[in-house]
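Student: Residue numbering for the sequence shown is 1092 to 1630, as defined by my numbering. Idealized CB from N, CA, C, for every residue including glycine. Here it is, the structure in full.
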Amino acid sequence: MIARLLCATGAAALLGCAGATPAPTPAPTVRRTTTLSELRRQIDSMVALPEFRNAHWGILIVDPDRGDTLYSHNAGKLFMPASNMKVITGSVALAQLGPEFRFRTTFVARGGVCGGVLHGDLVVNGRGDPSVSDAMRGDAMVPMREIADSLAAHGITRIAGKIVAGENVFPDSSLGYGWSWDDLRDAYSAGVDELFFDEGYGRVVVRGGAQPGAPVTVAALPSSRYPVVRVEARTALAPDSGAVGSGGRLVMSRESQLETHVDPASGAEVLSGWIAPQWVDTLDVVYPDQNAAYLAALGQALSERGIVVTGALSPAGCGASGAASTVPTTAQRLEGGAGATAGRDTTATTPMDTIFVYQSLPLRDILRAMAKPSQNQIAEILLKTIGLERTGVGRADSGSAVVARQLLAWGAQPDGFVLRDGSGLSRYDYLTPETLVHTLAAIRHDTAFAAFYDALPIAGVDGTIAGRMRGTPAQGNVHAKTGYVANARSLSGYVTTADGRMLIFSALCNNWTVPVRDVERVQDSVAVGLASLRLDEGR
């Protein structure tokens, strides 16, 4: 319905409409360039459609080099930005920390090292490194194994103690302020902590038995040690199940009905429900304890490397006849993690020596892993890290205070933003299109702009807009961040016109009741129109 109305309002040049037939895919090729006056009329007509009478639209388009506002509609009004909040978090992180910033995880011996034995605990002091993940390393266990190799290279073959989390540098809640309770079991709502493994969640592969009533088996990935799963699920046939297939596999309308919940007493994930015989299903499971997940993966890597963790101190220790060797401090780059038991170090009296420091991938790479797929947990870690690095306190509110000061320095109005988290998952975040455009304009003049620009999704190419605006002048041209939570859809970024001018735009919409794709069509149409624009014609 919306596509037909857009065609009727004169937006055909943007949507590639043919008669009254809606386009089955995102805006097809624009056949001619658009003048600014035409574009303004088309945007006005689109946001004024009857279907959007209950919606709240905010659009701002500027030519930053000439200082011209090309189009403005509710640009000073506050909107729930959803993941457009990552524009703010990412740009401020680059400005404050720099594109080569690396997270540091320090591995410390609490006790002497002699004869290949660490006579004490291995303390892991994390600062939120988000790069130990399948997404960034191909397999989150790869860096863990490299850290185990580094421990071995330092001559450690046995740890006569435990492996514990060290400093609590992120002392506030692991969850963002105002996150929806109903979403907390979903991977995109995983909490964050100083030690962070594989974006805060793992996968549990569930296999049905050979026949109804046979045991169900599970395997956790990427670490086999976490989460701990207690199986209460059963192998069973579903009501109205189909016949046995040619390979002996059941063909069913619903292959499995599985769910998990955390046992508050043991902390184990309890798998319940049923799964068909010989069927395989995979569940995403949010880690109930982020530090424990990291340490468990580290312990697995140490075990694979042959490093034994006893969990108890050696009675002999390093006596006078065999003085403990002092472990040198190093700052070489290591790409990995380490491993084993849980708990947090609470002992401040025992002398400790740094064994080595693991440094993450650079922020420019981490930003790409955040912005293109719109990864929430990296944004939350960046917000806390901004606070930690600039105020000494790794809390979300400390980071937000730094971000607010930066936005004001960039020209945003004091009433143009409300910051409650780093990702935009909170429904208490608010931004104006003006604030977003100020930010996009300011970071464009920063030395880190290339890292920011390259991290944004590219229309028709990658990220969250890989399937949008294909076959139009926007494809491969528009670099923009999307945003989506219930009743909030955003698109803000950069576009180069047909005559080679880079423009900045922000198109936000809240509180609609039409299908989401109808909102996206308007935002895509704005971007396509800008890409086909010749600014010096028909202003």
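I need the straight-line Cα distance from P1306 to R1486, nearest angstrom please.
Tutor: Residue mapping note: residue 1306 aligns to position 215 of the sequence shown, counting from 1. Residue mapping note: residue 1486 aligns to position 395 of the sequence shown, counting from 1. So the alpha carbons of these two residues sit roughly 45 Å apart.
Student: Comparing C-alpha positions only, which one of L1454, I1254, V1297 and A1146 sits nearest to E1191?
Tutor: Within the sequence shown, the letter at position 100 stands for residue 1191. Minimum Cα distance to E1191 is reached at L1454.
Student: E1350 to V1183, Cα distance in whole Å?
Tutor: Residue 1350 sits at position 259 when you count from the first residue of the sequence shown. Residue 1183 sits at position 92 when you count from the first residue of the sequence shown. In a straight line, the C-alpha of E1350 is about 39 Å away from that of V1183.
Student: Taking contact to mean at least 3 C-beta pairs separated by less than 8 Å, is the region 1494-1502 in contact with the region 1207-1222?
Tutor: Too few Cβ pairs lie closer than 8 Å, so no.
Student: Could you tell me the alpha carbon to alpha carbon distance between A1415 and G1203, rounded to whole angstroms?
Tutor: Your numbering for residue 1415 matches position 324 in the sequence shown. Your numbering for residue 1203 matches position 112 in the sequence shown. Its pLDDT being 45, under 50, A1415 is placed unreliably in this model, and the coordinates cannot settle the point.
Student: Just mark S1128 as buried or exposed, buried being the case when its beta carbon has 16 or more other beta carbons within 10 Å.
Tutor: Position 37 of the sequence shown, counting from 1, holds the residue named residue 1128. So S1128 ends up on the exposed side.
Student: With a cut-off of 8 Å, do at least 3 Cβ pairs link the region 1504-1516 to the region 1166-1184?
Tutor: Output reads yes: the region 1166-1184 touches the region 1504-1516.
Student: Put K1253 into one of helix, strand or coil per three-state DSSP.
Tutor: One-based indexing of the sequence shown puts residue 1253 at position 162. Note: K1253 maps to coil in three-state DSSP.
Student: Between V1613 and V1138, how many whole angstroms is the CB-CB distance? I'm expecting something under 8 Å.
Tutor: As a first step, residue 1613 is located in the sequence shown; it is residue number 522 there, counting from the start. As a first step, residue 1138 is located in the sequence shown; it is residue number 47 there, counting from the start. Sure, about 7 Å apart at Cβ, within 8 Å.
Student: In or out: S1222 buried (at least 16 other Cβ within 10 Å) or exposed?
Tutor: As a first step, residue 1222 must be located in the sequence shown, where it is residue number 131. It counts as buried.
Student: Near E1395, which residues of its chain fall below 6 Å by C-beta distance, leaving aside the five closest residues on each side in sequence?
Tutor: Translated into positions along the sequence shown, residue 1395 becomes position 304. Result list for E1395: empty, nothing under 6 Å.
Student: Do L1362 and V1322 have their C-beta atoms within less than 8 Å of each other?
Tutor: One-based indexing of the sequence shown puts residue 1362 at position 271. One-based indexing of the sequence shown puts residue 1322 at position 231. Yes, they are a contact pair.
Student: To the nearest angstrom, how far is the alpha carbon of G1217 from that of E1258?
Tutor: Looking up residue 1217 in the sequence shown gives position 126. Looking up residue 1258 in the sequence shown gives position 167. Looking at the two C-alpha atoms, the distance is approximately 7 Å.
Student: Give the C-beta separation of G1269 and Y1575 to the nearest angstrom, bearing in mind that I take them to be a contact with Cβ-Cβ under 8 Å.
Tutor: Your numbering for residue 1269 matches position 178 in the sequence shown. Your numbering for residue 1575 matches position 484 in the sequence shown. Actually they are not in contact, since the Cβ atoms of G1269 and Y1575 sit about 16 Å apart, beyond 8 Å.
Student: Are L1522 and Y1585 closer than 8 Å when you measure CB to CB?
Tutor: What you label residue 1522 is simply residue 431 of the sequence shown in a count that begins at 1. What you label residue 1585 is simply residue 494 of the sequence shown in a count that begins at 1. Result no, Cβ atoms of L1522 and Y1585 do not sit closer than 8 Å.
Student: Measure the CB-CB distance between R1634 and Y1162 and report whether it falls below 8 Å.
Tutor: In the structure displayed, the chain extends from 1092 to 1630; residue 1634 sits before or after that span and is not available.
Student: Quick one: any contact between the region 1154-1172 and the region 1455-1464, if contact means 3 or more CB pairs under 8 Å?
Tutor: Taking 8 Å as the limit for Cβ pairs, the verdict is that the region 1455-1464 does not touch the region 1154-1172.
Student: Nearest by alpha-carbon distance to H1245: which of G1158, V1448 and I1366 is it?
Tutor: On the sequence shown, position 154 is the one that residue 1245 refers to. H1245 has its Cα closest to that of V1448, out of G1158, V1448 and I1366.
Student: Excluding the five sequence neighbours on either side, which residues of its own chain have a C-beta within less than 8 Å of the C-beta of V1297, listed in chain order?
Tutor: Here the question's residue 1297 lines up with position 206 in the sequence shown. For V1297, where only same-chain residues beyond five positions count, the Cβ hits under 8 Å are V1307, T1308, V1309, A1324, S1347, L1349, L1362, I1366, V1371, D1372, T1373 and L1374.
Student: If I measure Cβ to Cβ from V1418 and keep anything under 7 Å in the same chain, skipping five residues before and after, which residues do I get?
Tutor: What you label residue 1418 is simply residue 327 of the sequence shown in a count that begins at 1. Any reading at V1418 must be qualified, since the residue scores a pLDDT of 39, below 50, and its modelled position is unreliable; no value is offered.
Student: Helix, strand or coil for W1270 per DSSP?
Tutor: Working through the sequence shown from its first residue, we reach residue 1270 at position 179. Residue state, collapsed to three classes: coil.
Student: Identify the continuous alpha helix (DSSP H) that holds D1512 and give its terminal residues.
Tutor: As a position in the sequence shown, residue 1512 is number 421, starting the count at 1. From DSSP, D1512 is part of no alpha helix (DSSP H); its letter is neither H nor E.
Student: Could you check what DSSP says for H1529 in three-state terms: helix, strand or coil?
Tutor: For this step, residue 1529 is matched to residue 438 along the sequence shown. DSSP places H1529 in helix when its eight states are reduced to three.
Student: Which complete beta strand (DSSP E) runs does the region 1171-1235 hold, if anything under 3 residues is left out?
Tutor: Listed in chain order, the complete beta strand (DSSP E) runs (minimum 3 residues) inside the region 1171-1235 are 1195-1201 and 1212-1216.
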